[in-house]
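Student:
Number of protein chains: 2
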Amino acid sequence: MTKSIIGVSLILEIKNCPCEGKYLDKMVQPAILIILTEANLHGYKIVQRLAETPMFNGDEPDPAGVYRCLKAMEKRGLIVSCWDISRTGPAKRFYRITEGGKECLRRWIETLEEYHRIIGMLLSEAKKVTTKDRS
Amino acid sequence: MTKSIIGVSLILEIKNCPCEGKYLDKMVQPAILIILTEANLHGYKIVQRLAETPMFNGDEPDPAGVYRCLKAMEKRGLIVSCWDISRTGPAKRFYRITEGGKECLRRWIETLEEYHRIIGMLLSEAKKVTTKDRS
DNA sequence: GCCAACTATATGACTAAGTCTATTATTGGA
DNA sequence: TCCAATAATAGACTTAGTCATATAGTTGGC
Chain A
1 MTKSIIGVSL ILEIKNCPCE GKYLDKMVQP AILIILTEAN LHGYKIVQRL
51 AETPMFNGDE PDPAGVYRCL KAMEKRGLIV SCWDISRTGP AKRFYRITEG
101 GKECLRRWIE TLEEYHRIIG MLLSEAKKVT TKDRS
Chain B
1 MTKSIIGVSL ILEIKNCPCE GKYLDKMVQP AILIILTEAN LHGYKIVQRL
51 AETPMFNGDE PDPAGVYRCL KAMEKRGLIV SCWDISRTGP AKRFYRITEG
101 GKECLRRWIE TLEEYHRIIG MLLSEAKKVT TKDRS
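Heads up: the sequence lines are chains A and B, in that order.
According to UniProt numbering, the residues represented by the first sequence are 1 to 135, in order.
According to UniProt numbering, the residues represented by the second sequence are 1 to 135, in order.
Here you go:
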């Protein structure tokens, strides 16, 4: 990395700035609903599936967060769970999407479309002002 | 609104669900950086400008949140402020974007591009599984 | 037989970020 | 004179997520 005089001090200030792009977390919920529409799965497997999505890009999300999210989604009636102790290994809590969850996912589509539109507009604004700045 | 038997119970569960789309808040920071690239402004004016963006669509964001955000951004060196008591009315704290803030906005462009891409992919996944579900 | 690694779930403490409510102060207009 | 708009901010609370840790069953190697 090349270091200009300005660059050195700026790089230190980047730490923990949302511009780094670590704040797409709220999107975990629709991602879980999508995963559970395709198959009934237990938490640990959901964590692994999430890791494969472009959102996490290979890194597993914090399992504590995912388990908490699943509990909250169950409490709100989007998914339901039951224990599976039939197979080998530790007991697994399997989750299944409900009608309410499917309804929620359909609303998520509208919301994501709006987010997509808004971010697109923010992006073009950002590009406009930064290129103007350089001319 | 038409009410099916399922509909009635589902509508009650929608309340406070992120699928309603109220969680684009983290994007306030790049929006502020864009606004301050165009002109030096004080907090109250920034709140009004934010309201005009597609993100808030006319509704003013909570001023307390914006003021807190501005303070945090100043602390991190993205913007600097000074009081203006020259004009009539209550004292105004004017903000100006710094070199660090401009650098941050340039990184935001990359981050927003990734968000845009990821949300697009989530969206097409969501559409795929919900249409499959209806066939 | 024991230990390490992996599978699987869950809790407590902490932090970040935002909302809601209320306070203070200036100015202009009905 | 009193109210509304402008302007900034603080306190209490809520939500959401992270980090560290606890628990427990299974598998494989030595």
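Even glycine gets a Cβ: it sits at the ideal position worked out from N, Cα and C.
1. Below 8 angstroms, can you find three or more Cβ-Cβ pairs linking the segment 99 to 115 of chain A to the segment 80 to 91 of chain B?
2. From the DSSP output, read off the bridge partner residues of B:Leu105.
3. Can you give the Cα-Cα distance for A:Thr53 and A:Arg68, rounded to whole angstroms?
4. Using a 10 Å radius around the Cβ and a threshold of 16 neighbouring Cβ atoms, would you call A:Thr111 buried or exposed?
5. Does the beta-carbon distance from A:Tyr95 to A:Ile79 come in below 8 angstroms?
6. Between B:His42 and chain A, is there a C-beta pair that is closer than 8 angstroms?
7. Distance, Cα to Cα, A:Gln29 vs B:Trp83?
8. Quick one: using the 10 Å Cβ neighbour count with 16 as the cut-off for buried, is B:Thr98 buried or exposed?
9. Could you work out which residue in B:Gly101, B:Ser86 and B:Met73 is closest to B:Glu38 when comparing CA atoms only?
10. When we look at the beta-carbon of B:Met121 and count the other beta-carbons within 10 Å, is it buried (16 or more) or exposed?
11. Does the beta carbon of A:Ile6 come closer than 8 angstroms to any beta carbon on chain B?
12. Assuming A:Ile46 contacts A:Val66 (C-beta within less than 8 angstroms), just tell me the rounded distance between them.
13. In its own chain, which residues sit with a C-beta less than 8 angstroms from the C-beta of A:His116, not counting the 5 before and 5 after it?
14. Give every residue of the same chain whose Cβ lies closer than 8 angstroms to the Cβ of B:Ile35, excluding the five residues on either side of it in the sequence, and list them in chain order.
15. Between the C-alpha atoms of A:Ile5 and B:Ser124, what's the straight-line distance to the nearest angstrom?
16. Do you know offhand how far B:Ser81's Cα is from A:Lys127's?
17. Against chain B, which members of the segment 43 to 73 of chain A pass a CB distance test of less than 7 angstroms?
Tutor: Quick answer:
1. Fewer than three Cβ pairs drawn from the segment 99 to 115 of chain A and the segment 80 to 91 of chain B lie within less than 8 angstroms of each other, which leaves the two stretches out of contact.
2. According to DSSP, B:Leu105 bridges with nothing at all.
3. 19 angstroms
4. buried
5. Yes, the Cβ-Cβ distance between A:Tyr95 and A:Ile79 is below 8 angstroms.
6. no
7. 43 angstroms
8. buried
9. B:Gly101
10. exposed
11. With a pLDDT of 35 at A:Ile6, under the threshold of 50, the predicted position of this residue should be treated as unreliable, and no value is reported.
12. 6 angstroms
13. Nothing meets the Cβ criterion.
14. Hits under 8 angstroms: Leu41, Ile46, Arg49 and Leu50.
15. In this prediction, A:Ile5 has a pLDDT of 33, which is less than 50 and means its spatial position is unreliable; what the coordinates show is noted afterwards. Answer to the nearest angstrom: the Cα atoms are 44 angstroms apart.
16. 24 angstroms
17. Pro54 and Met55
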